[in-house]
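K.L.:
Handing you this structure, nothing more for now.
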Amino acid sequence: MKRWITMLLICLIFLEALQVSEALRCYGCKFSPCTTIVDCLQTQIYCYTSAKQNEVTKKCADKMQCGLLINGTMPTCCTTDLCNEATEVQLGLFVMLGPLFSSILFL
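Heads up: the sequence shown is residues -23 to -1, 1 to 84, going by mature numbering (1 follows the signal peptide of the UniProt record, and there is no 0).
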């Protein structure tokens, strides 16, 4: 019986260590350039980027934060390590705003 309990405790400790190592890693900053890397909490399953004028915010986020429209800006969220780099956000913003500007010009 003692052996079974010992094995169970070892397995639980191993699983806990495995969960900690699987935490998402994102860039975290308030302004550019953003080089700080942060380890997210288990509840934060997204890397978040929000850009408005010259202010760029990057951080770990949960599902609720990724669905909120903040100051007229919809954030960009992704789910892989360090996926909120600046190059991807700029391309995503261009792809989103390009059709809007072209429709305004040709109407």
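By construction, the Cβ of each residue, glycine as well, lies at the ideal position given by its N, Cα and C atoms. Here the structure is a predicted model, which is why all the values come from computation and not from measurement.
Is threonine 53 helix, strand or coil when you go by DSSP?
P.N.:
strand
K.L.:
Can asparagine 48 and lysine 36 be called in contact, C-beta distance under 7 Å?
P.N.:
no
K.L.:
I need the boundaries of the beta strand (DSSP E) containing lysine 36, first residue and last residue.
P.N.:
It spans 32 to 38 - the beta strand (DSSP E) in which lysine 36 sits, taken as one unbroken run.
K.L.:
What is the rounded straight-line gap between the Cα of asparagine 61 and the Cα of threonine 20?
P.N.:
18 Å
K.L.:
Determine the DSSP secondary structure at lysine -22, reduced to helix, strand or coil.
P.N.:
Correct three-state label for lysine -22: helix.
K.L.:
Three-state secondary structure (DSSP) at cysteine 24?
P.N.:
Of the three classes helix, strand and coil, the one that applies to cysteine 24 here is strand, per DSSP.
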